[in-house]
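Below: one structure, written as C-alpha cells.
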Amino acid sequence: MSAAGLYNYWIVILLMMAGFYVVISSGNLVKKIVGLNLFQASVFILYISMGKVAGGSAPILREGVTQFSNPLPHVLILTAIVVGVATTALGLALVVRIREAYGTAEEDEIHQQDESL
Amino acid sequence: MIAAQLPALQVVVPLLGAPLCLLARKGNTAWALTLAISAVALLVATLLLGQVLAQGSVAYAFGGWAAPWGIEYRLDAVNAIVLLIVTGISTVVLLFAKTSVAHEIRPEQQVLFYTSWLLCLTGLLGITITGDAFNLFVFLEISSLSSYVLISLGSDRRALTAAYQYLIMGTIGATFILIGIGLLYMVTGTLNMADLAGRLPELTASRTVRTAFAFLTVGIGLKLALFPLHLWLPNAYAYAPSVVTAFLAATATKVAIYMLLRFMFSVFGAGFSFGAMPLPTLLVLLGAAAVLSASTVAIFQHNIKRMLAYSSVAQIGYMVLGMSLASSAGLTAAVLHLFNHALMKGGLFLALGCIAWRLGSVRLGDLAGLGYRMPWTMAAFVAGGLSLIGLPLTAGFISKWYLVLAALEQGWWPVVIVVVAGSLLAVVYIWRVIETAYFRDRGEPAPPVQEAPLSMLLPTWLLVGANVYFGIYTDLSVGVAGQAARVLLGTAP
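Residue numbers (our numbering), protein chains in the order written: chain A, 1 to 117; chain B, 1001 to 1493.
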C-alpha cells in the first residue's frame, strides 16, 4: 500500500506523538489531561481504521449489500471511549482537589510547596 | 449446578456488591457488606482452586457463547493461585480496615471508599480470570480507576498528587496495552487468548506482531512498576490510606506480574518471547537494576511506608529475574515469590497501619522505643521483615532459595550475586527500623502509647503467621507454583 493509502495511520502516529509530548512536557495539570486525551484519541482512530474493509458498506443487513466493514473494532472502541471519558473526569476531579489543597495547578509550584515542608 | 457457575460468580458478586454498598448509609454497614462479599469471593476462589487442582483447567463461556466469539473465562493453576491471593488479602485487610478506616477517612467518604474497594477487587479478579484480551483491558481500567480513587483518599494532600501521577502513568500504560491488543487483533482477527496463542506462531516474522509485543511489554511494565517505570509507585504507596497500601501492595502488582506471564508465555509463547525477541536480556538487566537500585534507595528513606514501597519495587525485580530464566525452576520461583511477597508485604503494611493508628505517623524518628510500647505490633513487623530479608523458616527464604537454585541450574552466577546483595541491603533497611524501635530511647515529652487493639493485631498476625507457615510447610505453595510453571511452559494442561 502506498504512503498516501496509509493516511489514517499517519494521523494516528502524529496524534499519538503530539499527545504524548504534551503529557511529558507540559507543567500544567489540566494540559496534561488534554495531552492524555489526544493520545487516547489516536488509539480510537487506529481501531476504527482497522475495521474498514475496502469497498465495504456500513454493517447493516440490507438487500443488495454483500460486503460489510468489520463492526467489532468499532464496538470495542466504544468501550474504550467510555473508559477514556471516565479517566478524564476522574483526572479533572483530582486537579480540582489539588488546586483546592495547593492553590495552584502548576506542577513545579506544587513541587516547591512539597519541598518546603 | 452452582459449581459450574463459579467462574462467573467470582467477578459478578463483587461487581454487583459495589452499587449495593453505595446504598448503605453508614460506613460500618458498608464495611460489613464489603467484608461479607470479599469473604464470598475468597470462598469461590478456594473452590475454584480445588476444581483446577482436580481437573487441570476450567473454562466458562459467558452467556453460552462458544469460545472464539463469546468472552471466555479460563482458569488454570496460574490464575487460580492469583485469585486466591487477591481475595485472601482483600478479606484479611478488610478485617483490619474497620478501625483503621474510621480513623483515617472522613465519615461521609467511608461508603464511597468501600464501594471503590469492591470495584477495585472486581477489576483485579476480572483481569486474572478472563481469557479474552480486550476484556482484560476493560477490567484493568476498572481496577485502575478505582485504585486512583482509593489512593487519593489519603489524609496527606500529597496523596492527591500521587494519585494524579499514577493516573497519568497508569493511563499511558493501559493505552499501550490497548494498542498492543489492537495490533494483535489486526493480524489475527481474534481476541481470545487461547485462539491468539494458536494463530500467532505462524506470524512471528510479522512486524505488526513484534510491535504489539513491544507495546504490551512496556504497557504492562508501567502497571507492574518495573524499573525504570516505577516512578509512580513510591508516592502512591506512601500517601495512600494504610489499608489501601496493604491491599494494593499485596495484590495490584501481583496481578500485573500475572498479566506479563500470561502474555509472554501463554499468548506469545516462550519460544517467541524468549527466543526471537530479546526479552531475557531485557528482563534480567531491569530485574537486577530494580533489586539493587530500589533496595539502596530504600535505605535512605525516612518514611517507613515509602521505604517498604521501594522495597516492593525491588521484590518485583526478583519476580522478573525468575521470569527471565524462562525455565521451569525459574517460573516456579517467580510464582512462589509472587505468593510469598503478597503475604510479607501485606503483613508489614498492616503492622505499619497499627503504628499509624496509634502514632499518627510512620516516620522513622517517631518509632524510637516503640518496641516496648507496642510489643506485638513491632514483633509482627520484625517477623515480616525477616521474611522480606529471606531468613530460613520464613516464606521469603523459600522463594529466594528456589530463585537461586533456578539461576544456578543455568549457571547465571551474576543473578545469584544480585539476589544475595539484595537480601543484604534488605537487612540494612529492616535493621534501621529494628534499631530505632528497640535500642533508642523515646524522647522526653512523649505521650504514652498503647498497644494496638486486637481487631487490628489479629489480621496482622494472620498474615505474618502465614509467612512462617509457608516457610515451613511448603507443599501447597511450591506444588501450585510448580504446576503453574508447567502450564506456562505448555508441558501441562
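No residue lacks a Cβ here, since even glycine has one placed at the ideal position from N, Cα and C.
For residue i, which of helix, strand or coil comes out of DSSP?
i        : result
A1421(B) : helix
D1132(B) : strand
E1451(B) : coil
F1300(B) : coil
Y1060(B) : strand
S1155(B) : coil
Y1318(B) : helix
R1074(B) : strand
S26(A)   : coil
N1192(B) : strand
E63(A)   : coil
F1268(B) : coil
R1363(B) : strand
S128(A)  : Residue 128(A) is absent from the structure shown; chain A starts at 1 and stops at 117.
S1327(B) : coil
S1147(B) : helix
S1206(B) : coil
Please compile the residues from chain A whose C-beta is within a distance smaller than 8 Å of the C-beta of residue i.
i        : result
Y1164(B) : L29, G91, L94, V95 and I98
R1158(B) : D114
L1167(B) : T87, L90, G91 and L94
M1186(B) : M50
Y1148(B) : L90 and L94
Strictly below 9 Å CB to CB, what residues from chain B border residue i?
i      : result
K52(A) : Those do not exist, as K52(A) stays about 12 Å from chain B at its closest Cβ, beyond 9 Å.
L36(A) : L1167, I1168, T1171, I1172 and T1175
Ordered along the chain, which non-local residues of its own chain (more than five positions away) have a Cβ less than 8 Å from that of residue i?
i        : result
V1255(B) : V1082, V1086, L1124, I1127, T1128 and S1143
L1047(B) : A1003 and L1006
F1215(B) : F1176, I1177, I1179, G1180 and L1183
F1213(B) : G1180, F1268, F1272, S1273 and M1277
V1392(B) : The identity of residue 1392(B) in the sequence shown is Pro, whereas the question assumes Val. Result list for P1392(B): G1471, in chain order.
L1049(B) : A1080, I1081, L1083, L1084 and V1480
Who are the neighbours of residue i on chain A, taking C-beta pairs under 7 Å?
i        : result
E1141(B) : V83
T1175(B) : F39, Q40 and V43
F1134(B) : L76
L1145(B) : A86, T87 and L90
List the residues of chain B whose Cβ lies closer than 8 Å to the Cβ of residue i, in chain order.
i       : result
A80(A)  : F1137 and L1178
A101(A) : R1157 and L1160
A23(A)  : The sequence as given places Val at residue 23(A); Ala does not occur at that position. By Cβ distance, chain B contributes I1168 and I1172.
Have a look at the options and flag the residue whose alpha-carbon is nearest the alpha-carbon of residue i.
i        : options                                   : result
S1477(B) : L1424(B), H1337(B), L1463(B) and M1374(B) : H1337(B)
G1482(B) : S1327(B), W1413(B) and A1024(B)           : S1327(B)
I81(A)   : V43(A), I24(A), L6(A) and K32(A)          : V43(A)
I1089(B) : T1460(B), Y1429(B), L1183(B) and A1163(B) : T1460(B)
L92(A)   : P1453(B), A1395(B) and Q1165(B)           : Q1165(B)
V1092(B) : R1262(B), V1244(B), R1306(B) and A1018(B) : V1244(B)
T1161(B) : A18(A), N28(A) and Q40(A)                 : N28(A)
I1316(B) : G1371(B), F1265(B), M1307(B) and H1230(B) : H1230(B)
F1397(B) : W1376(B), S1361(B), Y1429(B) and G1471(B) : G1471(B)
T1253(B) : N1192(B), A1395(B) and F1227(B)           : F1227(B)
G1173(B) : E1202(B), A1159(B) and L1140(B)           : L1140(B)
V1012(B) : K1026(B), W1031(B), A1041(B) and L1033(B) : A1041(B)
I1071(B) : F1381(B), C1021(B), H1103(B) and L1191(B) : L1191(B)
Y1060(B) : R1106(B), Q1410(B), L1009(B) and V1209(B) : L1009(B)
G1330(B) : A1356(B), L1405(B) and G1353(B)           : L1405(B)
G1385(B) : L1348(B), T1377(B) and Q1410(B)           : L1348(B)
G1189(B) : L76(A), L94(A), L6(A) and I110(A)         : L76(A)
Run down chain A in chain order and give the residues with a C-beta less than 9 Å from the C-beta of residue i.
i        : result
G1056(B) : Here the premise fails: no neighbours, minimum Cβ distance about 31 Å.
S1361(B) : By Cβ distance, chain A contributes nothing, its closest Cβ being about 14 Å from S1361(B), past 9 Å.
Between which residues of its own chain and residue i is the CB-CB distance below 7 Å, once the five residues before and five after are set aside?
i        : result
P73(A)   : Y47, I48, M50 and G51
A1309(B) : L1233, P1234, Y1237 and A1238
Starting from the C-beta of residue i, find all residues in its chain whose C-beta is less than 6 Å away, skip the five residues before and the five after it, and write them out in chain order.
i        : result
V1320(B) : L1283 and G1287
F1272(B) : T1204
G1017(B) : I1037 and L1118
A1383(B) : V1464
A1030(B) : C1021, A1024, V1111 and Y1114
W10(A)   : none
A1500(B) : Residue 1500(B) is absent from the structure shown; chain B starts at 1001 and stops at 1493.
Using a C-beta to C-beta distance shorter than 7 Å, which residues of chain B count as neighbours of residue i?
i       : result
L119(A) : Beyond the ends of chain A as shown, which are 1 and 117, falls residue 119(A); an answer cannot be given.
Y9(A)   : In chain order: nothing, as chain B lies at least about 11 Å away.
L6(A)   : Near L6(A) there are no residues of chain B at all, since even the closest Cβ is about 13 Å away, more than 7 Å.
I110(A) : T1161
Worksheet item: Which whole runs of the alpha helix (DSSP H) in the segment 74-115 of chain A are 4 residues long or more, in chain order?
Response: 107-115
Discussion item. In chain order, what are the residue ranges of uninterrupted alpha helix (DSSP H) at least 4 long that sit wholly in the segment 1339-1404 of chain B?
Written reply: Here the runs fully enclosed are 1370-1373 and 1375-1389.
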